[in-house]
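For our numbering, count along the sequence shown from 1 and bump the result up by 98. Virtual Cβ for every residue (Gly too), placed ideally from N, Cα, C. Being a predicted model, the structure only gives us computed values, none of them experimental.
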Amino acid sequence: MFAVVETGSKQYMVKVGDRIRVEKLPYEVGSEVELDRVLFVSGDVVKVGDPLISGAKVVAKVVAHGRGKKIIGMKFKRRKNYRRKWGHRQWYTELEIVDIRA
C-alpha cells in the first residue's frame, strides 16, 4: 500500500517504513505527525482525490531535523567586473512513515 501526500507545496509517494525529508515542520523529535493532505491511496482499492481524499491520513514520526547540502548560486556579467556568489542550506525535517489510514 502506498500513498501520495502533499506537504510544503511538494508531493511525496510514501509507503509504511519509508523515511522522507520534507520542508521543516514545527514538531519535536519523537512526536507523531498526521499528514492529512492525501492525494492518492493505492491498496486493495485505489482512491484518487479530487483534489484531496476526505478522511485519509498518513501518520509519521519525526526522526530528526537538519540542514541539507550547500547550494551555490552565482551571478556574473562579462567585462564589467561583476561577480556575486552566495550559498544556501535548506532546513528539513526527516519523517518515518508509520501508518496509512484510508
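>> Please tell me whether Val156 and Thr191 are closer than 9 Å, where the distance is taken between their beta carbons.
In response: Taking the sequence shown and counting its residues from 1, the one referred to as residue 156 is at position 58. Taking the sequence shown and counting its residues from 1, the one referred to as residue 191 is at position 93. When the beta-carbon positions are compared, Val156 and Thr191 stay at least 9 Å from each other.
> Can you tell me the Cα-Cα spacing of Leu193 and Arg117, whole angstroms?
Replying inline: Stepping through the sequence shown from its first residue, residue 193 is reached at position 95. Stepping through the sequence shown from its first residue, residue 117 is reached at position 19. The alpha-carbon atoms of Leu193 and Arg117 are separated by roughly 5 Å.
>> Tell me which residues share the same chain as Asp134 and place their Cβ nearer than 7 Å to its Cβ, disregarding the 5 neighbours each side in the sequence.
In response: Taking the sequence shown and counting its residues from 1, one reaches residue 134 at position 36. Closer than 7 Å at the Cβ level, and outside the excluded window around Asp134, lie Lys155.
> Assuming Val102 contacts Met111 under a Cβ cut-off of 8 Å, what Cβ separation, rounded to an integer in Å, is found between them?
Replying inline: For the purposes of this step, residue 102 is taken as residue 4 along the sequence shown, with counting starting at 1. For the purposes of this step, residue 111 is taken as residue 13 along the sequence shown, with counting starting at 1. Indeed they touch by this definition, with Cβ atoms about 5 Å apart.
> Is Lys49 helix, strand or coil by DSSP?
Replying inline: Limits of the chain in this structure are 99 at one end and 200 at the other, which puts residue 49 out of reach.
>> Short of 8 Å in beta carbon distance, which residues of its chain neighbour Glu126, apart from the five on each side in sequence? Order them along the chain.
In response: For this step, residue 126 is matched to residue 28 along the sequence shown. Within the same chain, Glu126 has close Cβ partners Val160.
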